[in-house]
Amino acid sequence: QLYTVRDALAQNFKSVVTRIAEIGYVGVETAGFPGIGVDEASDLFADLGLDVCSMHTQLPLGKQKNQVIELAQELEATRVVSSTPREAFASADALKALCDRWNQAADIAAENGLELGLHNHWWEFQEVEGRPGFAHLVDELDESIFFQVDTYWVNTGGGDSVQVVEELGERAPLLHIKDGPCDPAQDMLAVGEGAMDIPSIIEASYGTCDWLIVELDRCATDMMEAVEKSYQYLVDNELARGAS
Numbered sequence: 241q242l243y244t245v246r247d248a249l250a251q252n253f254k255s256v257v258t259r260i261a262e263i264g265y266v267g268v269e270t271a272g273f274p275g276i277g278v279d280e281a282s283d284l285f286a287d288l289g290l291d292v293c294s295m296h297t298q299l300p301l302g303k304q305k306n307q308v309i310e311l312a313q314e315l316e317a318t319r320v321v322s323s324t325p326r327e328a329f330a331s332a333d334a335l336k337a338l339c340d341r342w343n344q345a346a347d348i349a350a351e352n353g354l355e356l357g358l359h360n361h362w363w364e365f366q367e368v369e370g371r372p373g374f375a376h377l378v379d380e381l382d383e384s385i386f387f388q389v390d391t392y393w394v395n396t397g398g399g400d401s402v403q404v405v406e407e408l409g410e411r412a413p414l415l416h417i418k419d420g421p422c423d424p425a426q427d428m429l430a431v432g433e434g435a436m437d438i439p440s441i442i443e444a445s446y447g448t449c450d451w452l453i454v455e456l457d458r459c460a461t462d463m464m465e466a467v468e469k470s471y472q473y474l475v476d477n478e479l480a481r482g483a484s
């Protein structure tokens with residue numbers, strides 16, 4: 241997830257993406273293009289052999305609809321991922337309005353050959369009418385909407401990421417893999433250095449997950465060093481496939 245290295249990308253997009261490919265990553269999830277055009281970034285990904293597994297952006301609704309669709313076409317991406325605001329889980333009515341909006345967006349995505357996915361944070365696991373908000377999402381969102389399960393935020397919110405991945409099955413083709421103390425106030429760590437049971441999470445995803453996506457929102461150590469350590473942990477322990 242290129243959001244992980246957003247500060248470095250703003251300084252030199254090409255060199256940072258090149259370094260990511262050199263480490264051995266075989267794909268990227270986009271989240272903005274600081275200092276570079278989308279067409280140039282797309283060419284760079286292709287030249288480096290990096291697939292665009294998905295793009296994190298706004299919902300394809302209203303004024304953003306054409307922009308999102310055109311971005312997906314330029315990147316040759318078929319999976320569009322967005323996230324939810326915390327205030328949408330303050331009440332049942334707010335959550336219903338959110339689901340209605342997402343279902344409308346899913347129809348537009350499908351009409352344009354795209355799949356729409358929801359990326360969770362920790363607040364989806366706070367209770368709404370006696371059940372975790374995430375359970376409402378699973379029930380109320382159209383089945384065409386997939387979940388990009390952020391395993392770290394599931395656990396941070398009090399959920400069980402292994403159970404969530406198992407229960408979603410093929411509806412969770414993308415996983416965000418990160419590590420740390422599972423405290424939203426504290427910095428994250430390279431994958432394999434924190435409290436997350438990474439092997440069990442990945443085992444739960446066998447046969448249903450297409451991409452394991454490393455994402456660190458912020459890190460207690462140097463970010464590029466953590467990005468490389470995360471790759472080495474996953475590949476050396478045969479938990480994921482890389483280019484090397």
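The sequence shown begins at 241 in this note's numbering and counts up by one. Glycine included, C-beta positions come from ideal geometry on N, C-alpha and C.
Between the alpha carbons of T324 and Y473 lies a gap of roughly 30 Å. Scanning its chain for C-beta atoms nearer than 7 Å, with the 5 sequence neighbours on each side dropped, one finds around A349 the residues P300, V320, E355, L356, in chain order.
A distance of 8 Å or more separates the beta carbons of E383 and A332. Residue pairing by DSSP places H416 opposite D390, I453 in a beta bridge.
The distance from the Cβ of A248 to that of M463 is about 7 Å, consistent with a contact at the 8 Å cut-off. Closest in C-alpha terms to A261, from the list F374, L408, L284, comes L284. Looking at the DSSP output, S322 shares a beta bridge with L358.
Membership of V467 in the alpha helix (DSSP H) is indicated by the continuous run 463 to 476. DSSP places E310 in the uninterrupted alpha helix (DSSP H) bounded by 305 to 315. Put simply, the backbone Cα of T448 is about 18 Å away from that of V394.
Per DSSP, reduced to three states, the secondary structure at D427 is coil, with no helix or strand assignment.
In this structure, the CA atom of D279 is about 15 Å from the CA atom of V268.
Leaving aside the five residues that flank L338 on each side, the residues in its chain whose CB is nearer than 7 Å to its CB run, in chain order, T324, A328.
When beta bridges are read from the DSSP output, T270 appears opposite M295. By the Cβ neighbour-count rule, D390 is buried, with 16 or more other Cβ atoms within 10 Å of its own. DSSP links C339 through a beta bridge to no other residue.
Annotation for T396: W362, C422, D423, P424 place their beta carbon closer than 8 Å to its own, counting only its chain and skipping 5 residues before and after. Remark: C-beta atoms of I438 and D457 do not approach each other more closely than 8 Å. CA-CA distance, A412 to Q388, rounds to 6 Å.
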